[in-house]
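Enquirer: This note's numbering puts the sequence shown at residues 15 to 203. We put the beta carbon where it would ideally sit given N, CA and C, even for glycine. I am attaching a structure below and will ask some questions about it afterwards.
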Amino acid sequence: MKLETSFAIALPAWCVELAAELPEHLPEPIDRMRLAIELSRRNVEAGSGGPFGAVVARIDDGLLLGIGVNRVEPGHCSSAHAEIVALSLAQARLASWNLGEAGAVELASSCEPCAMCLGAIPWSGLRRVLCGASKSDAEQAGFDEGARDPAWADALARRGIELHTAIERKAARSVLLDYRDRGARIYNP
């Protein structure tokens, strides 16, 4: 058996087309959150991955740096969460692992971070995180979000990362439940 020596995760075609139509800036945080939820909704409708979307943007002017949708199933990659995809694409755009080099940068995610994505947040140079649905919303839809310290918000704050949760939660939660109700695969081992 030959070992693989590279891998790639790509956005689905509909997402690439949407990215080309997006404005360069989304100055209001609520608009970035709404885009993250729209990405999650379209991903479910297109059958191109799980019910999660994310946007990375500069805080001061809303310069869009990256978008992402969940690609776990089509990419055969357990780490292809929307947040990781958006962070990775933003880092590729900036040619740096440290998004802070572009100024104060924010992640808007359709759902609170799972254990893996929570770990990636401080190491990426983010200064603010916006979340839609809660961890319990994702778990009610059937997803295993992993262990998360009850003081996770405090841990981010100690690192200078601002956190805002339950933004447009009802809309974000409805995407999770729609995914579940469609009978789509919940990809827990």
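1. Would you mind stating whether A122 and V69 have Cβ atoms separated by less than 8 angstroms?
2. What first and last residue would you give for the alpha helix (DSSP H) that runs through S188?
3. I'd like the span of the alpha helix (DSSP H) that includes L108, first residue to last.
4. Where do the ends of the beta strand (DSSP E) carrying R142 lie?
5. Have a look at A33 and R48 and give me their C-alpha separation to the nearest angstrom.
6. Strictly under 8 angstroms for the Cβ-Cβ distance: is R194 near chain C by that measure?
7. Using 8 angstroms as the threshold, is the C-beta distance between V58 and D158 below it?
8. Can you tell me which of the three DSSP states L36 falls into?
9. Report buried or exposed for V119, applying the criterion of at least 16 other Cβ atoms within 10 angstroms of its Cβ.
Expert: Walking through what the data contain:
1. What you label residue 122 is simply residue 108 of the sequence shown in a count that begins at 1. What you label residue 69 is simply residue 55 of the sequence shown in a count that begins at 1. Against a cut-off of 8 angstroms, the Cβ pair of V69 and A122 comes out as a contact.
2. Stepping through the sequence shown from its first residue, residue 188 is reached at position 174. Note, S188: alpha helix (DSSP H), R183 to D195.
3. Walking along the sequence shown from the start, residue 108 turns up at place 94. Taken as a continuous stretch (DSSP letters only), the alpha helix (DSSP H) holding L108 covers A96 to L108.
4. Translated into the one-based positions of the sequence shown, residue 142 becomes position 128. R142 -> beta strand (DSSP E) spans R142 to A147.
5. Residue numbering aside, residue 33 sits at position 19 when the sequence shown is read from its first letter. Residue numbering aside, residue 48 sits at position 34 when the sequence shown is read from its first letter. Roughly 14 angstroms separates the two Cα atoms.
6. Note that chain C does not occur in the displayed structure, where there is just one protein chain.
7. For the purposes of this step, residue 58 is taken as residue 44 along the sequence shown, with counting starting at 1. For the purposes of this step, residue 158 is taken as residue 144 along the sequence shown, with counting starting at 1. The answer is no: Cβ separation not under 8 angstroms.
8. As a first step, residue 36 must be located in the sequence shown, where it is residue number 22. Residue state, collapsed to three classes: coil.
9. Taking the first residue of the sequence shown as position 1, residue 119 is located at position 105. Buried, because 16 or more other Cβ atoms sit within 10 Å of the Cβ of V119.
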